[in-house]
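Protein chains in written order, with the numbering used here: chain A, 8 to 114; chain B, 8 to 114.
All residues carry an ideal CB built from backbone N, CA and C; glycine is no exception.
One structure is given here, and the rest of the page talks about it.
2 protein chains.
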Amino acid sequence: MPTYRTDDGWDALGDPTRRAIVACLAERPQAVGELADALPISRPAVSQHLKVLKDAGLVTDRAAGTRRVYRLNPAGVAALRDQLDTFWNRALDGYQDVAEQPTGEKS
Amino acid sequence: MPTYRTDDGWDALGDPTRRAIVACLAERPQAVGELADALPISRPAVSQHLKVLKDAGLVTDRAAGTRRVYRLNPAGVAALRDQLDTFWNRALDGYQDVAEQPTGEKS
DNA sequence: ACGAACGGTAAGCTACAACTTACGGATGGA
DNA sequence: TCCATCCGTAAGTTGTAGCTTACCGTTCGT
Chain A
8 MPTYRTDDGW DALGDPTRRA IVACLAERPQ AVGELADALP ISRPAVSQHL
58 KVLKDAGLVT DRAAGTRRVY RLNPAGVAAL RDQLDTFWNR ALDGYQDVAE
108 QPTGEKS
Chain B
8 MPTYRTDDGW DALGDPTRRA IVACLAERPQ AVGELADALP ISRPAVSQHL
58 KVLKDAGLVT DRAAGTRRVY RLNPAGVAAL RDQLDTFWNR ALDGYQDVAE
108 QPTGEKS
């Protein structure tokens, strides 16, 4: 049972190429061809990544004629940020003291 | 040149097992054995993941006798969160209008 | 000082996922 | 209506990353 928790977006952003796509889309909404032209990978590859990102709720697609314009989904990004905040706060909760004071943790 | 930007922490959190470790460490600092006992993987595997997380600046280690206590690094988590915020803000910046208006992106 | 335990590293195997080429469906233009 | 373009999917290959077992160094307890 090697699956603890598929937090969607995390898996999606775990890939460098996908992060590059997200970065491109962060600048402005773009079509698949645009992204493929800006990245060193083929169009099909971009499509697949886009599918993953869309499945993760990080991007949304809009049909514009024969083109398909993808854009970032602020809600999805916000969800990730929120989760990160949780980790962060929880860490600070039981750490602040332990972290600063290496209370001479000899045996 | 298939490397766009290795944002450290992203690659680290891209793995479910590593996310589980982070979750465990978020609760409280723990030794390698503790983590291995809580997870369905061997100790060496935990060590390797810990190494990746440490290299990414997401955790720090403290020697406690024969044990090695690892803890989350709030700064590392904050860095991720900050970067996420950047994406988020940038998206909102050039989207709100473009998303609604398909400004006739003909060839 | 000896024994025991904990943790990190090395080497190897397996599985997954990212990328490619090829194909088909759909939409726009002439 | 016919052609061209764009996108998504299918099938296949390859690289890599995660896991395991085995070994070694280090540190504590007796």
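Would you tell me roughly how many angstroms separate the C-alpha atoms of residue i and residue j, rounded to the nearest one?
i        : j        : result
Phe94(A) : Ile28(A) : 26 Å
Arg25(A) : Gly72(B) : 42 Å
Gln37(B) : Arg50(B) : 13 Å
Asn96(A) : Pro81(B) : 8 Å
Leu79(A) : Asp22(A) : 16 Å
Cys31(B) : His56(B) : 13 Å
Arg35(A) : Asp18(B) : 24 Å
Lys61(B) : Pro47(A) : 30 Å
Glu41(B) : Glu41(A) : 48 Å
Taking 6 Å as the limit between beta carbons, can you name the residues of its chain near residue i, skipping five residues before and five after?
i        : result
Leu87(B) : Gly16
What do you reckon, are the CB atoms on residue i and residue j nearer than 8 Å?
i        : j        : result
Val53(B) : Ala43(B) : yes
Val84(B) : Leu91(A) : yes
Tyr77(B) : Val66(B) : yes
Ala45(B) : Ala98(A) : no
Quick one: what's got a C-beta closer than 8 Å to residue i's C-beta in the same chain, skipping five residues either side?
i        : result
Arg75(A) : Ala38, Val39, Asp68, Arg69
Asp89(B) : none
Requested in this report: Could you tell me which uninterrupted beta strand (DSSP E) segments, each at least 3 residues in length, are contained entirely in the stretch 52 to 104 of chain A, listed from first to last along the chain?
Outcome: 66 to 71, 74 to 79
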